[in-house]
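Numbering (UniProt numbering), first residue to last: 1 to 206. Have a look at the structure below, then the notes.
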Amino acid sequence: MEVEAPEDATADEIGEALQKRARWVHDHVHDAKRRFEHVLPREYVSGEQVLYLGRRYSLKVRLVPREQRSVKLKGALLEVAHDYVSADAVRARVRAWYRVKARDYFAYRLGVIANGLPWPQEVSSFQLKEMKTRWGSCAAGGTVTLNPFLVRANRECIDYVITHELCHLREHNHSPEFFRLLSRAMPQWQTVKRSLDDMAEVILND
């Protein structure tokens with residue numbers, strides 16, 4: 001489990017805050033474990049369903065010469081052409097494809113959303129980081145980090161996470177003011193967050 005806290009918070013203050021919310025933390029961790037129990041590991045074989053921007057695609061794996069290797073969307077298919085077929089090889093190609101797509105799409109949406117916010121925002125840098133339990137984070141210096149697996153979610157959910165992190169450039173904690181900013185920027189954020197949470201075990205399954 002990871003804990004976000006202000007940079008100047010002491011270990012005692014963090015411990016006290018965790019103690020006050022111990023029941024909430026326990027219930028949410030238990031709920032997450034229960035939901036993940038029913039998610040089967042991916043096998044990365046033809047016919048398996050994969051997600052991209054909220055849409056489902058059927059994975060198609062083809063054996064080709066080395067110089068013809070590729071990963072492409074073709075209609076309702078995500079086609080992986082590789083010079084040898086194994087679950088690990090296909091998985092690596094699909095993950096690399098997700099990272100490329102995530103970097104391009106997230107960078108585009110970061111610019112659009114930041115420019116449309118009712119307060120000026122400057123993102124000093126943007127990076128991708130695979131995380132098992134978080135969609136993103138925002139450092140005090142302005143660096144926004146996003147989980148590349150988020151590119152499996154629909155566009156509105158991606159916008160919610162980006163908006164959430166951009167609000168942290170103004171308010172670095174989850175104070176009432178932070179949620180006022182978030183509601184101002186995305187009035188329907190709670191509905192979108194619930195939708196994203198409900199899909200978390202599928203989106204993060206790798």
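For glycine and all other residues, C-beta sits at the position ideal for the given N, C-alpha and C. Keep in mind the model is a prediction, meaning the values are calculated, not measured.
Should residue 61 be labelled buried (16 or more other beta-carbon atoms within 10 Å of its own) or exposed? Here residue 61 refers to the residue found at position 61 of the sequence shown. So residue 61 ends up on the buried side.
With DSSP collapsed to three states, give me the class of residue 35. The residue labelled residue 35 in the question sits at position 35 within the sequence shown. Because residue 35 carries a pLDDT of 48, less than 50, the predicted location of this residue cannot be relied on, and the following value inherits that uncertainty. Reduced to three states, the DSSP call for residue 35 is helix.
Three-state secondary structure assigned by DSSP to residue 116: As a first step, residue 116 is located in the sequence shown; it is residue number 116 there, counting from the start. Helix.
Taking residue 161 and residue 136 to be in contact with their CB atoms under 8 Å, please state how far apart those CB atoms are, rounded to whole angstroms. On the sequence shown, position 161 is the one that residue 161 refers to. On the sequence shown, position 136 is the one that residue 136 refers to. So it is a contact: roughly 5 Å between Cβ atoms.
Give me, in chain order, the residues of the same chain whose beta-carbon lies closer than 7 Å to that of residue 184; leave out the 5 immediate sequence neighbours on both sides. For this step, residue 184 is matched to residue 184 along the sequence shown. 118, listed in sequence order.
Roughly how far, in whole angstroms, is the beta-carbon of residue 50 from the beta-carbon of residue 78, given that I think they are within contact range, below 8 Å? On the sequence shown, position 50 is the one that residue 50 refers to. On the sequence shown, position 78 is the one that residue 78 refers to. Their Cβ separation, rounded to whole angstroms, is 5 Å, which keeps residue 50 and residue 78 in contact under 8 Å.
If we ignore side chains and look at the alpha-carbon of each, how far apart do residue 181 and residue 188 end up? Working through the sequence shown from its first residue, we reach residue 181 at position 181. Working through the sequence shown from its first residue, we reach residue 188 at position 188. Approximately 12 Å between the Cα atoms of the pair.
Residue 63 to residue 86 span [Cα, whole Å]: Counted from its first residue, the sequence shown places residue 63 at position 63. Counted from its first residue, the sequence shown places residue 86 at position 86. Roughly 10 Å between the two C-alpha positions.
Which of helix, strand or coil does DSSP assign to residue 204? Reading the sequence shown from its first residue, position 204 is the one you call residue 204. Three-state result, residue 204: coil.
With 16 as the cutoff for other CB atoms within 10 Å, does residue 115 come out buried or exposed? Against the sequence shown, residue 115 aligns to sequence position 115. Flag for residue 115 reads exposed.
Could you give the C-beta distance for residue 100 and residue 90, rounded to a whole number, given that I count them as a contact under 8 Å? As a first step, residue 100 must be located in the sequence shown, where it is residue number 100. As a first step, residue 90 must be located in the sequence shown, where it is residue number 90. Between the beta-carbon of residue 100 and that of residue 90 there is about 16 Å, and that puts the pair past the 8 Å contact cut.
Taking residue 113 as the reference, which of 149, 84, 97, 159 has the closest Cα? The count along the sequence shown starts at 1 and reaches residue 113 at position 113. Of the candidates 149, 84, 97, 159, the one whose C-alpha sits nearest the C-alpha of residue 113 is 159.
Quick check: what's the CA-CA separation for residue 37 versus residue 133? Reading the sequence shown from its first residue, position 37 is the one you call residue 37. Reading the sequence shown from its first residue, position 133 is the one you call residue 133. For residue 37, the predicted structure reports a pLDDT of 47, less than 50, and the residue's modelled location is therefore unreliable. A value from the coordinates is still provided. As the crow flies, the alpha-carbon of residue 37 is around 15 Å from that of residue 133.
Helix or strand or just coil, what does DSSP make of residue 188? On the sequence shown, residue 188 is found 188 positions in, with the first residue counted as 1. Residue 188 falls in the coil class under three-state DSSP.
Just to confirm my understanding: we take residue 190, look at its own chain, exclude 5 residues before and 5 after, and list those with CB closer than 8 Å. What are they? Sequence index remark: in the sequence shown, residue 190 carries index 190 (1-based). Cβ within range, chain order: n/a, list empty.
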